[in-house]
């Protein structure tokens with residue numbers, strides 16, 4: 001039975017919504033966000049003339065400003081017959097000050113450093129390089145907090161809907177005709193039957209004027225944002241005069257969300273998220289406050305306790321999975337794609353802790369990085385080292401490993417050493433941490449803020465502590481040479497910077513030192529994982545393994561990292577520049593533990609006597625059979641796959657489990673026709689998960705197409721052990737791993753012990 005609710009006094013946000021007919025849409029957004037009159041915002045709205053840089057000779061004035069929707073940046077084009085260009089604030093990854101982009105470094109003078117800045121975009125869109133009129137003006141563009149505030153503002157429900165309302169209001173009279181309402185539905189990705197749209201319009205058009213304004217638009221808004229599934233949940237626990245009391249909220253948190261909540265927790269939630277001051281004063285939570293709480297990070301599907309570093313970081317490096325990149329310098333394919341320092345920046349900002357540098361002799365005695373014997377472009381080794389120095393520890397404080405593929409002559413190797421020493425300084429590890437010969441690898445904690453080099457020593461580490469120098473060992477080959485072969489004459493021209501060649505697990509046990517890393521081709525590693533899984537796990541307890549993609553992957557495609565993690569391989573290197581399911585799973589693995597790029601392996605994978613085998617699954621501590629129940633309830637504001645006006649998505653949801661072979665599973669809902677705005681499924685799935693420590697769960701939304709392959713809309717992947725139970729919103733990420741504003745799933749999750 002529906003509770004009878006007395007009408008509370010309108011909150012400030014409700015009053016503003018009610019005044020929408022009298023205010024411009026963008027003004028409502030600014031008032032709701034508390035940014036009206038903000039000096040940073042005024043600066044952006046006014047804009048200014050900047051010098052756009054493309055080359056030494058191409059530097060042209062361009063006017064840049066924020067449009068009144070407070071979401072779109074407008075850039076004047078002076079080309080004949082070319083329209084002025086725009087881009088969304090949501091597409092901006094970073095505004096970077098100084099001559100940090102490759103273009104600004106190459107095409108501007110050092111004295112312009114303080115006036116330069118770059119707008120870096122998400123995905124593969126090229127950055128924009130500018131020179132401001134003064135250093136002060138450059139600071140205003142770079143440090144403008146409005147860009148961040150407005151970007152986060154547009155993650156909220158009302159802003160997305162209001163932006164679409166404004167677009168639908170073609171003549172900007174703050175009124176919506178029936179035709180404009182139909183356009184609005186297409187904008188929000190929902191295809192409504194004409195008869196139903198007409199009925200909805202007439203229901204809101206109380207004045208019978210033939211258009212909606214003022215309170216009629218408010219009513220229209222309320223109908224659109226109605227969430228019946230949340231109303232039912234709220235109604236079940238709102239037992240205090242139609243509101244939730246602290247006691248009611250505790251009951252909800254403990255019963256539905258399976259959280260150990262106290263009254264103090266309930267009071268904190270009410271104080272923090274209740275928007276109506278009158279309700280807050282009475283220590284109650286309204287439905288609006290309840291909805292707001294359910295959208296907060298602490299209430300989402302990812303356990304908030306796992307967002308920060310929560311694992312033991314004092315164990316040897318070999319005890320961790322390490323986020324790793326292959327051919328890090330490439331932006332695209334490995335035959336003719338561009339190389340860029342920006343690729344290193346992007347990988348490091350995603351938490352990558354092992355990056356690859358393919359080094360070759362360059363002109364003017366300066367080593368270069370590129371994919372050898374191909375048409376990929378070349379970048380200077382020193383520029384890459386500078387980029388690594390700048391961005392190594394912005395996302396994570398834990399050590400970065402430079403995996404050097406060294407094809408350089410002795411002379412240019414000396415230049416490389418000089419660059420690394422002078423640029424990286426004290427961050428570069430050049431000798432063991434202690435005064436005596438170590439017996440195991442150092443820990444991530446000991447190496448915080450440090451940069452390590454993975455390469456071939458000319459002699460054993462023990463020789464560093466011996467009185468007599470040992471002879472150099474140069475028998476092994478580099479990864480590329482092993483994959484592709486190389487001219488022997490070229491080999492003679494340089495000292496090798498090579499890898500420890502793996503022969504067998506028995507040989508490694510007798511002859512390989514703990515600090516020596518073997519690199520495995522993808523195919524060899526997978527074969528070992530399938531045929532000798534337990535031996536591989538034991539090998540990886542005290543030694544590091546690096547896995548790299550097959551040389552045949554010229555398109556920079558990826559392989560599935562899960563079977564390699566299942567056998568304890570730490571450095572499973574992927575092509576970070578290639579968006580795919582494998583990269584989604586990789587980012588899901590390293591989503592937790594502070595996005596540090598280091599995830600502690602389970603205890604049974606750190607024991608040299610372990611009996612764990614991910615394929616046979618004999619009994620042991622690893623076997624913790626769980627039942628995962630997932631109810632896919634609904635989705636909100638899914639983006640269009642095809643931006644054509646008439647295009648509407650037919651969404652379906654896939655729930656996938658990755659892990660040991662026994663746990664791998666996938667189930668999907670039926671598609672909902674023509675509704676990307678608020679599709680509902682209410683479908684239940686159950687999964688058996690036998691080794692939860694290694695399992696990951698991926699939620700994928702696709703646009704169903706019965707004629708061809710479904711199109712990707714968004715996804716979210718996280719470790720099984722980081723799932724929160726109960727009613728949870730799930731954010732969605734784009735193919736490039738960026739958050740999709742406003743879009744999300746609403747699920748109910750339960751994890752039970754199997755009997």
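Residue numbers (the UniProt record's numbering): 1 to 755. We put the beta carbon where it would ideally sit given N, CA and C, even for glycine. Every value quoted in this text rests on a predicted model; they were computed, and no experiment measured them.
**Report entry** Reference residue 94; option with closest CA among 62, 263, 123 and 339
**Finding:** Mapped onto the chain shown, residue 94 falls at position 94. For residue 94, the closest of 62, 263, 123 and 339 by C-alpha to C-alpha distance is 123.
Query raised in the report: Where does the unbroken beta strand (DSSP E) through residue 635 begin, and where does it stop?
Result: The residue labelled residue 635 in the question sits at position 635 within the chain shown. In the DSSP annotation of this structure, the continuous segment of the beta strand (DSSP E) that includes residue 635 starts and ends at 626-636.
**Report entry** Integer Cβ distance of residue 699 from residue 730, believed to fall under 8 Å
**Finding:** As a working note, residue 699 is residue 699 in the chain shown. As a working note, residue 730 is residue 730 in the chain shown. Indeed they touch by this definition, with Cβ atoms about 5 Å apart.
Report task. Please report the residue range of the beta strand (DSSP E) in which residue 684 lies. Result -> Indexing the chain shown from 1 puts residue 684 at position 684. Element bounds for residue 684: 680-689.
Query raised in the report: Between residue 387 and the rest of its own chain, which residues show a CB-CB distance below 6 Å, the 5 nearest in sequence each way excluded?
Result: Sequence index remark: in the chain shown, residue 387 carries index 387 (1-based). If the five residues before and after residue 387 are omitted, its C-beta is found closer than 6 Å to the C-beta atoms of 341, 344 and 345, all from its own chain and listed in chain order.
Query raised in the report: What are the residues that DSSP puts in a beta bridge with residue 571?
Result: Within the chain shown, the letter at position 571 stands for residue 571. Assignment of beta-bridge partners to residue 571 by DSSP yields 322 and 546.
Query raised in the report: Tell me which same chain residues have a C-beta within less than 6 Å of the C-beta of residue 56, skipping the five on either side of it?
Result: Here residue 56 refers to the residue found at position 56 when the chain shown is read from its first residue. Once the five neighbours on either side are set aside, the close Cβ partners of residue 56 are 107.
Requested in this report: Would you mind stating whether residue 99 and residue 113 have Cβ atoms separated by less than 7 Å?
Outcome: To locate residue 99, count along the chain shown from 1; it is residue 99. To locate residue 113, count along the chain shown from 1; it is residue 113. Yes, these two residues count as a Cβ contact at 7 Å.
Query raised in the report: Is it true that the stretch 553-565 meets the stretch 258-271, where meeting means three or more beta-carbon pairs spaced less than 8 Å apart?
Result: Fewer than three Cβ pairs drawn from the stretch 553-565 and the stretch 258-271 lie within less than 8 Å of each other, which leaves the two stretches out of contact.
Query - Residue of 624, 337, 653 and 642 minimising C-alpha distance to residue 635 - result: Taking the chain shown and counting its residues from 1, one reaches residue 635 at position 635. Considering only alpha carbons, the answer is 653.
Query raised in the report: Between which two residues does the beta strand (DSSP E) harbouring residue 406 extend?
Result: Residue numbering aside, residue 406 sits at position 406 when the chain shown is read from its first letter. Element bounds for residue 406: 400-406.
**Report entry** Collapsed DSSP secondary structure at residue 199 in the structure displayed
**Finding:** Stepping through the chain shown from its first residue, residue 199 is reached at position 199. DSSP places residue 199 in helix when its eight states are reduced to three.
Query raised in the report: How many Å lie between residue 512 and residue 667 at the Cα?
Result: By 1-based counting over the chain shown, the position of residue 512 is 512. By 1-based counting over the chain shown, the position of residue 667 is 667. Computed Cα separation, rounded: 44 Å.
Query raised in the report: Any idea if residue 589 is buried or exposed, counting beta-carbon neighbours within 10 angstroms, 16 or more meaning buried?
Result: Within the chain shown, the letter at position 589 stands for residue 589. By the 10 Å Cβ count, residue 589 comes out buried.
Report task. Pick helix, strand or coil for residue 736, following the three-state DSSP scheme. Result -> Counting from 1 along the chain shown, the entry for residue 736 is found at position 736. Here residue 736 sits in coil by DSSP.
**Report entry** Which residues DSSP lists as bridging residue 129, in chain order
**Finding:** The residue you call residue 129 lines up with position 129 of the chain shown. Its beta-bridge partners are 118.
Query raised in the report: Taking just the CA atoms, how far does residue 752 sit from residue 248?
Result: The residue labelled residue 248 in the question sits at position 248 within the chain shown. The residue labelled residue 752 in the question sits at position 752 within the chain shown. Separation of residue 248 and residue 752 (C-alpha to C-alpha, rounded to the nearest whole angstrom) is 25 Å.
**Report entry** Neighbour-count burial assignment, residue 199, 16 or more Cβ in a 10 Å radius
**Finding:** Mapped onto the chain shown, residue 199 falls at position 199. With fewer than 16 neighbouring CB atoms inside 10 Å of its own CB, residue 199 falls in the exposed class.
Query raised in the report: Can you name the start and end residues of the beta strand (DSSP E) that residue 699 belongs to?
Result: On the chain shown, residue 699 is found 699 positions in, with the first residue counted as 1. Residue 699 -> beta strand (DSSP E) spans 696-703.
Requested in this report: Taking residue 800 as part of the alpha helix (DSSP H), name the residues at either end of that continuous run.
Outcome: Residue coverage of the chain in this structure runs from 1 to 755, which leaves residue 800 outside it and unanswerable.
Query raised in the report: Less than 7 Å separating the beta-carbons of residue 332 and residue 403?
Result: Working through the chain shown from its first residue, we reach residue 332 at position 332. Working through the chain shown from its first residue, we reach residue 403 at position 403. Taking 7 Å as the Cβ cut-off, residue 332 and residue 403 do not qualify as a contacting pair.
**Report entry** Spatial distance of residue 510 from residue 504 (CA atoms)
**Finding:** Locating residue 510 in the chain shown gives position 510, counting from the first residue. Locating residue 504 in the chain shown gives position 504, counting from the first residue. When rounded, the distance between both Cα atoms is 10 Å.
Requested in this report: Have a look at 60, 119, 353 and 61 and flag the residue whose alpha-carbon is nearest the alpha-carbon of residue 89.
Outcome: Residue numbering aside, residue 89 sits at position 89 when the chain shown is read from its first letter. Considering only alpha carbons, the answer is 119.
Query - Beta bridge counterpart(s) of residue 600 as assigned by DSSP - result: The sequence position of residue 600 within the chain shown is 600, counting from 1. Residue pairing by DSSP places residue 600 opposite 320 in a beta bridge.
**Report entry** Of the listed residues 524, 438, 535 and 527, nearest to residue 508 (C-alpha basis)
**Finding:** Within the chain shown, residue 508 is the residue found at index 508, counting from 1. Put simply, of 524, 438, 535 and 527 the residue whose alpha carbon is nearest the alpha carbon of residue 508 is 535.
Query raised in the report: Using 8 Å as the Cβ pair cut-off and three pairs as the minimum, do the stretch 402-418 and the stretch 274-292 touch?
Result: No, the stretch 402-418 does not touch the stretch 274-292.
**Report entry** C-alpha gap between residue 339 and residue 416, whole angstroms
**Finding:** For the purposes of this step, residue 339 is taken as residue 339 along the chain shown, with counting starting at 1. For the purposes of this step, residue 416 is taken as residue 416 along the chain shown, with counting starting at 1. Cα to Cα, residue 339 sits roughly 18 Å from residue 416.
**Report entry** Backbone CA spacing between residue 58 and residue 714 [nearest angstrom]
**Finding:** In the chain shown, the residue the question calls residue 58 occupies position 58. In the chain shown, the residue the question calls residue 714 occupies position 714. If I take the Cα positions, the gap works out to 39 Å.
Requested in this report: Can you check the stretch 349-400 for any alpha helix (DSSP H) of at least 4 residues that lies completely inside it and give the ranges in chain order?
Outcome: Runs found: 381-391.
Requested in this report: Could you pull out every unbroken alpha helix (DSSP H) segment of at least 4 residues lying fully inside the stretch 270-303, listed in chain order?
Outcome: Taking only runs of at least 4 residues, the alpha helix (DSSP H) segments lying wholly in the stretch 270-303 are 277-281 and 287-294.
Query raised in the report: Is the stretch 236-248 touching the stretch 704-712 in the sense that three or more CB pairs, one from each, lie closer than 8 Å?
Result: The stretch 704-712 is not in contact with the stretch 236-248.
Query raised in the report: Name the DSSP bridge partner or partners of residue 65?
Result: Here residue 65 refers to the residue found at position 65 when the chain shown is read from its first residue. DSSP lists 74 as partners of residue 65.
Query raised in the report: So residue 266 packs on residue 250, CB below 8 Å; how close in whole Å?
Result: Within the chain shown, the letter at position 266 stands for residue 266. Within the chain shown, the letter at position 250 stands for residue 250. In this structure residue 266 is in contact with residue 250, their Cβ atoms being roughly 5 Å apart against a cut-off of 8 Å.
Query - Neighbourhood of residue 328 by C-beta, 8 Å cutoff - its chain only, sequence neighbours within 5 removed - result: Taking the first residue of the chain shown as 1, we reach residue 328 at position 328. Hits under 8 Å: 343, 344, 347, 352, 355, 356, 357 and 576.
**Report entry** Endpoints, the alpha helix (DSSP H) within which residue 140 is located
**Finding:** Sequence index remark: in the chain shown, residue 140 carries index 140 (1-based). 135-142 is the span of the alpha helix (DSSP H), which, as asked, contains residue 140.
Query raised in the report: Where does residue 748 fall in DSSP's three states?
Result: In the chain shown, residue 748 corresponds to position 748, counting from 1. Reduced to three states, the DSSP call for residue 748 is strand.
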